Amino acid sequence: MSAFFRKRKLRYPLIALLLLGLTAAILISRWSEWVAGLFVLLFAIGFAAAWMIEKKTYEATEQHIEMLSYRMKKVGEEALLEMPIGILLVNEDFDIEWANPYMTSALEYDTLIGESLFSISDDFQALVTSNEARETTITLGDRKYRVYYKVNDRLFYLFDITEQVEIETLYYADRTVIGILFIDNYDELAQGMDDQTRSNLNSLVTSLINQWAENHGIFVKRISSDRFMAVFNESILKELEKSKFAILDDIREVTSKDNLALTLSIGVGAGSAALVELGSMAQSSLDLVLGRGGDQVAIKHPSGKVKFYGGKTNPVEKRTRVRARVISHALRDLIQESDQVFVMGHKMPDMDAIGAAVGVAKMAAMNKVKGSIVLDFDEYDRSVMRLMNEIEEDADLFNQFITPEEALATMTDNSLLVIVDTHKPSMVIDERLLQRMERVVIIDHHRRGEEFITNTMLVYMEPYASSTAELVTELIEYQPKHEKLSMLEATAMLAGIIVDTKSFTLRTGARTFEAASYLRANGADTVLVQRLLKEDLDTYLERAKIVQTVEFVADGIAIAKGEPGKTYSPVLIAQTADILLTMKDVNASFVIAERGENGVGISARSLGEVNVQLVMENLGGGGHLTNAATQIPDATVEEAVELLKNVIEEHYEGGQTE
260 MSAFFRKRKL RYPLIALLLL GLTAAILISR WSEWVAGLFV LLFAIGFAAA WMIEKKTYEA
320 TEQHIEMLSY RMKKVGEEAL LEMPIGILLV NEDFDIEWAN PYMTSALEYD TLIGESLFSI
380 SDDFQALVTS NEARETTITL GDRKYRVYYK VNDRLFYLFD ITEQVEIETL YYADRTVIGI
440 LFIDNYDELA QGMDDQTRSN LNSLVTSLIN QWAENHGIFV KRISSDRFMA VFNESILKEL
500 EKSKFAILDD IREVTSKDNL ALTLSIGVGA GSAALVELGS MAQSSLDLVL GRGGDQVAIK
560 HPSGKVKFYG GKTNPVEKRT RVRARVISHA LRDLIQESDQ VFVMGHKMPD MDAIGAAVGV
620 AKMAAMNKVK GSIVLDFDEY DRSVMRLMNE IEEDADLFNQ FITPEEALAT MTDNSLLVIV
680 DTHKPSMVID ERLLQRMERV VIIDHHRRGE EFITNTMLVY MEPYASSTAE LVTELIEYQP
740 KHEKLSMLEA TAMLAGIIVD TKSFTLRTGA RTFEAASYLR ANGADTVLVQ RLLKEDLDTY
800 LERAKIVQTV EFVADGIAIA KGEPGKTYSP VLIAQTADIL LTMKDVNASF VIAERGENGV
860 GISARSLGEV NVQLVMENLG GGGHLTNAAT QIPDATVEEA VELLKNVIEE HYEGGQTE
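Under the working numbering, the first residue of the sequence shown is numbered 260, with each subsequent residue one higher.
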């Protein structure tokens, strides 16, 4: 009991009152003795009553406090010994000194005293070594516990949260997921069919998708000739991810037997309780898949994280002359509404980026608007050096090339910025121009990735095209003919197509040859192209040294690496990967080398059997099914090799790609 209570301070006012009463009695006695006597009698009775009440109150309170203290002590002991809360007390070596009966019975030990804390669970190790975390969740037997650690007392409290975890698991597993299924090339195939054949095709596709939905417990509804809506839950989604959405392969294989070769694209929205948000994410995922060439699945969550599955086939050429003409006319209107046009490619631009930029600048001139090509003259690849030397000799063309600083100084709110050969803001030559400009157009042939330039006025992305120069060539055909392409402009664009197609051997469609034919008719010099693409002996020998380091990590997958501490150009790395691909028994090649301040670069190539885009995306890069790359900052060549091997191994063992 506290000393404050034992001092009984309530008696001090009573004593003071007694003294005051005696003083009053003395003063009254001077006036009348009998009145004073009566006053003393009454005062004594009142004082005695107050004194007794104070005494009884003190005794009752003291008794109550003692009883309460006893009960609290008893409850505390019962809490330690009987409540369903685990308590462990350990010494400096984390050996258990004391454990309450609940903890002992929960772990089915006769006694825990003397046992090492870490022998019960290794999860305790991370908790006691962490400088910040003082709580964690661990598994003991088949139960889950939330553990709180009091460092100063070396005390652990364990709360059983098994039921809570089970409820959470059920909640997350039962959350609604919305998917949109799109038959990529339905319109193209159905266009030339008679009614009976089209009906048979519809029945076949509907049957396959309905059978797939029935097998997995999915509600699916056809909403148009080429679209289906699917509703399922998170647990079903996990099953589909384990099978890597086998429906993609089933549709492709079954329809190919009838020479139809249909492919399926699926956009999935998951991870939200709001149906409107799920639908929006599903549509956004589908747009992303179609931008990457189709025949894939994209799963998007509210955090923005996206997982991809599929993408095993080369995209089928689906763009039409009508679309090219519509885009060209829309771009013409935007150019004519602008006071000037700025064209910008990616960092360290290659032949395709330079050729496409030259073509867009020409489109501006055809519409009588000033066009400027933004280029960092200190950072362009050696492979375009000969082209830039040729351009320097053409004063009119060379004057169109400006630095980012000059562009920032001259651009206005009415200017137009055209981004070519990339759609990632982190890849453009200068992001300041993107942030400054409100009127932006994208022309690109790469598969769309998660990172994307937003708030654009026009996007022309065709992953079915061989190169951006091919796309720009088609757009030029529908522009006003106030000016004709010069020989050097046509040659630059043709060089971009030739480099990206490896002299018309990879990713080449009928439209590629049509574009090359148009450029040739407008004066493109094929001999000059060959001269621009010549290489020196030193470069050839450097590639040969890298090829000597080749090793096979899986069937048909070759990895080569550059010398540690030596910087290589990205073009040389890419060329080496191309050369490896020409070797016998090589289906996919990866070349790893240092890129100076940019860390380590990886260039990947394949013949189509291996989707190198998915492998590179796992390492933060991207590209096409047969042509991809990435950069790994703050890593050595050997570390990059190990990372790549792990991703390849995971990819071939059915691991998901994100």
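For every residue, glycine included, the Cβ atom is placed at its ideal position computed from N, Cα and C.
Predicted, not measured: the structure shown is a model, and the values here were computed from it.
Task: Backbone secondary structure at Gly913 - three-state DSSP - done: Stepping through the sequence shown from its first residue, residue 913 is reached at position 654. Confidence in Gly913 is poor, its pLDDT being 45 and thus under 50, which makes the residue's placement unreliable; the coordinate value appears in the next sentence. Taken through DSSP and simplified to helix, strand or coil, Gly913 comes out as coil.
Open item on the list: If contacts are defined as beta-carbon pairs under 8 Å, then Glu736 and Tyr777 qualify, I think. What distance do you get, rounded to the angstrom?
Closed with: As a position in the sequence shown, residue 736 is number 477, starting the count at 1. As a position in the sequence shown, residue 777 is number 518, starting the count at 1. Going by Cβ atoms, the distance from Glu736 to Tyr777 rounds to 6 Å, so yes, they are a contact pair.
Task: Among Ala894, Met875, Gly879, nearest to Asn886 - alpha-carbon criterion - done: Against the sequence shown, residue 886 aligns to sequence position 627. Taking only the C-alpha atoms, the option nearest Asn886 is Met875.
Open item on the list: Assuming Ala813 is part of the beta strand (DSSP E), what are its boundary residues?
Closed with: In the sequence shown, the residue the question calls residue 813 occupies position 554. From DSSP, the beta strand (DSSP E) with Ala813 extends over 810-813.
Task: CB contact flag (Ala615, Ala774, <8 Å) - done: Residue numbering aside, residue 615 sits at position 356 when the sequence shown is read from its first letter. Residue numbering aside, residue 774 sits at position 515 when the sequence shown is read from its first letter. No, the Cβ-Cβ distance between Ala615 and Ala774 is not below 8 Å.
- [ ] Would you list the residues sitting across from Ala345 in a DSSP beta bridge?
- [x] Within the sequence shown, residue 345 is the residue found at index 86, counting from 1. The sequence given here places Gly at residue 345; Ala does not occur at that position. For Gly345, which the question treats as bridged, DSSP gives the partners Leu417.
TODO: Within its chain, find whatever has a CB closer than 7 Å to the CB of Gly553; leave out the 5 residues flanking it on each side and keep chain order.
DONE: As a first step, residue 553 must be located in the sequence shown, where it is residue number 294. Excluding sequence neighbours, Gly553 sits near Asp443, Thr522, Ser524, Pro574.
TODO: Go ahead and label Glu901 buried or exposed: buried means 16 or more other beta carbons lie within 10 angstroms of its beta carbon, across all protein chains shown.
DONE: Residue mapping note: residue 901 aligns to position 642 of the sequence shown, counting from 1. When all chains shown are included, Glu901 counts as exposed.
Open item on the list: Which same chain residues end up closer than 7 Å to Leu309 when comparing Cβ atoms and leaving out the 5 residues on each side of it in sequence?
Closed with: Working through the sequence shown from its first residue, we reach residue 309 at position 50. What sits at residue 309 in the sequence shown is Ala, not Leu. Spatial neighbours of Ala309 in its own chain (CB-CB distance under 7 Å, excluding positions within 5 residues in sequence) are listed in chain order as Leu273.
Open item on the list: Quick check: the region 712-723 against the region 741-753, are at least 3 beta-carbon pairs closer than 8 Å?
Closed with: Note that the region 741-753 does not touch the region 712-723; fewer than 3 beta-carbon pairs, one per stretch, sit closer than 8 Å.
- [ ] Give the single residue among Asn411, Arg413, Asp419, Val410 whose Cα lies nearest to the Cα of Arg402.
- [x] The residue labelled residue 402 in the question sits at position 143 within the sequence shown. Comparing alpha carbon positions, the residue from Asn411, Arg413, Asp419, Val410 closest to Arg402 is Asp419.
- [ ] Tell me whether Thr732 is buried or exposed, calling it buried when 16 or more other Cβ atoms sit within 10 Å of its Cβ.
- [x] Residue mapping note: residue 732 aligns to position 473 of the sequence shown, counting from 1. Buried: at least 16 other Cβ atoms inside 10 Å.
TODO: Have a look at Glu447, Gln890, Phe711, Tyr568 and flag the residue whose alpha-carbon is nearest the alpha-carbon of Lys501.
DONE: Along the sequence shown, read from residue 1 onward, the residue named residue 501 stands at position 242. Nearest of Glu447, Gln890, Phe711, Tyr568 to Lys501, Cα basis: Tyr568.
Task: Where Trp357 falls: helix, strand or coil (DSSP) - done: Position 98 of the sequence shown holds residue 357. Judged by DSSP in its simplified three-state form, Trp357 adopts strand.
Open item on the list: Going by beta-carbon coordinates alone, are Ile506 and Leu734 separated by less than 8 Å?
Closed with: As a position in the sequence shown, residue 506 is number 247, starting the count at 1. As a position in the sequence shown, residue 734 is number 475, starting the count at 1. Not in contact: Ile506 and Leu734 (Cβ atoms no closer than 8 Å).
Open item on the list: So, with DSSP's three-state summary, where would you put Gly553?
Closed with: Indexing the sequence shown from 1 puts residue 553 at position 294. In this structure, Gly553 counts as coil in the three-state DSSP scheme.
Task: Span of the alpha helix (DSSP H), counted from its first residue to its last, around Val628 - done: On the sequence shown, residue 628 is found 369 positions in, with the first residue counted as 1. First-last for Val628: undefined, no H or E at that position.
Open item on the list: Along the chain, where does the beta strand (DSSP E) containing Thr889 start, and where does it finish?
Closed with: Indexing the sequence shown from 1 puts residue 889 at position 630. If you look at Thr889, you'll find it in the beta strand (DSSP E) that goes 886-891.
Open item on the list: For Asp451 and Glu512, I'd like the C-alpha separation in whole angstroms.
Closed with: Position 192 of the sequence shown holds residue 451. Position 253 of the sequence shown holds residue 512. First, the amino acid is wrong: residue 451 is Gly here, not Asp. Roughly 21 Å between the two C-alpha positions.
Open item on the list: Can you tell me whether Gln599 is helix, strand or coil according to DSSP?
Closed with: For the purposes of this step, residue 599 is taken as the residue at position 340 of the sequence shown. Gln599 sits in a strand when the DSSP states are folded into three classes.
Task: Separation of Gln322 from Leu286, as counted between CA atoms - done: Counted from its first residue, the sequence shown places residue 286 at position 27. Counted from its first residue, the sequence shown places residue 322 at position 63. Cα to Cα, Leu286 sits roughly 42 Å from Gln322.
Open item on the list: Please return the same chain residues whose Cβ sits closer than 7 Å to the Cβ of Asp784, not counting the five positions on each side in sequence.
Closed with: One-based indexing of the sequence shown puts residue 784 at position 525. Met746, Thr750, listed in sequence order.
TODO: Thinking Met730 and His704 are a contact (beta carbons under 8 Å), I'd like their distance in whole angstroms, please.
DONE: Reading the sequence shown from its first residue, position 471 is the one you call residue 730. Reading the sequence shown from its first residue, position 445 is the one you call residue 704. Correcting the residue identity first, residue 730 is Leu in this sequence and not Met. Right, their Cβ atoms sit about 6 Å apart.
TODO: Could you tell me if Glu917 is buried or exposed, where buried requires 16 or more neighbouring beta carbons within 10 angstroms of its beta carbon?
DONE: Here residue 917 is taken as the residue at index 658 of the sequence shown, counted from 1. Residue placement at Glu917 is poorly supported in this model, since its pLDDT is 37, which falls under 50; the coordinates are not used for a value here.
TODO: Take Glu651 and list the residues in its own chain whose beta-carbon comes closer than 8 Å to its own, dropping the five residues that flank it on each side.
DONE: In the sequence shown, the residue the question calls residue 651 occupies position 392. The answer, listed in chain order, is Phe657.
Task: Proximity of Asp485 and Tyr445 at Cβ, strictly below 8 Å - done: For this step, residue 485 is matched to residue 226 along the sequence shown. For this step, residue 445 is matched to residue 186 along the sequence shown. Yes, the pair counts as a contact, with Cβ atoms nearer than the cut-off.
TODO: Output the distance between the C-alpha atoms of Thr767 and Thr760, rounded to the nearest integer angstrom.
DONE: Translated into the one-based positions of the sequence shown, residue 767 becomes position 508. Translated into the one-based positions of the sequence shown, residue 760 becomes position 501. Cα to Cα, the separation comes out at about 6 Å.
Task: Leu534 in three-state terms, based on DSSP - done: If you number the sequence shown from 1, residue 534 lands on position 275. Of the three classes helix, strand and coil, the one that applies to Leu534 here is helix, per DSSP.
Task: Own chain, CB closer than 8 Å to Leu537, minus 5 neighbours either side, in chain order - done: Along the sequence shown, read from residue 1 onward, the residue named residue 537 stands at position 278. These residues qualify, in order along the chain: Thr435, Val436, Ile437, Gly528, Ala529, Ser531.
Open item on the list: Using CA atoms only, rank isn't needed, just tell me which of Ala533, Phe298, Val617 is closest to Pro561.
Closed with: Counted from its first residue, the sequence shown places residue 561 at position 302. Of the residues Ala533, Phe298, Val617, the one whose Cα lies closest to the Cα of Pro561 is Ala533.
- [ ] Tell whether a beta-carbon distance below 8 Å holds between Glu847 and Ile816.
- [x] The residue you call residue 847 lines up with position 588 of the sequence shown. The residue you call residue 816 lines up with position 557 of the sequence shown. A quick correction: the sequence has Ala, not Glu, at residue 847. Going by C-beta atoms, Ala847 is nearer than 8 Å to Ile816.
Task: Classification of Gln738 by the beta-carbon crowding that lies within 10 angstroms, buried from 16 upward - done: Translated into the one-based positions of the sequence shown, residue 738 becomes position 479. Counting C-beta atoms within 10 angstroms of its own C-beta, Gln738 has 16 or more neighbours from the protein chains shown and is therefore classed as buried.
Task: Start-to-end residues for the beta strand (DSSP E) that takes in Lys501 - done: Your numbering for residue 501 matches position 242 in the sequence shown. Following the DSSP letters along the chain, one finds Lys501 in no beta strand (DSSP E) but inside the alpha helix (DSSP H) bounded by residues 493-501.
- [ ] Please report the Cβ distance between Ile678 and Ile632, rounded to the nearest whole angstrom; I am assuming they are in contact, meaning their Cβ atoms lie under 8 Å.
- [x] For the purposes of this step, residue 678 is taken as residue 419 along the sequence shown, with counting starting at 1. For the purposes of this step, residue 632 is taken as residue 373 along the sequence shown, with counting starting at 1. No, Ile678 and Ile632 are not in contact; Cβ-Cβ is about 12 Å, not under 8 Å.
- [ ] Note down, in chain order, each residue of its chain lying with its Cβ closer than 8 Å to the Cβ of Ser543, except the 5 sequence neighbours on either side.
- [x] On the sequence shown, position 284 is the one that residue 543 refers to. Within the same chain, Cβ atoms closer than 8 Å to the Cβ of Ser543 are found at Gly526, Gly528, Lys559, the five residues on either side in sequence being excluded.
Open item on the list: the ligand ZN and Ile735: does any heavy atom of the ligand fall closer than 7 Å to the residue's C-beta?
Closed with: Of ligands this structure carries none, so the ligand ZN is not represented either.
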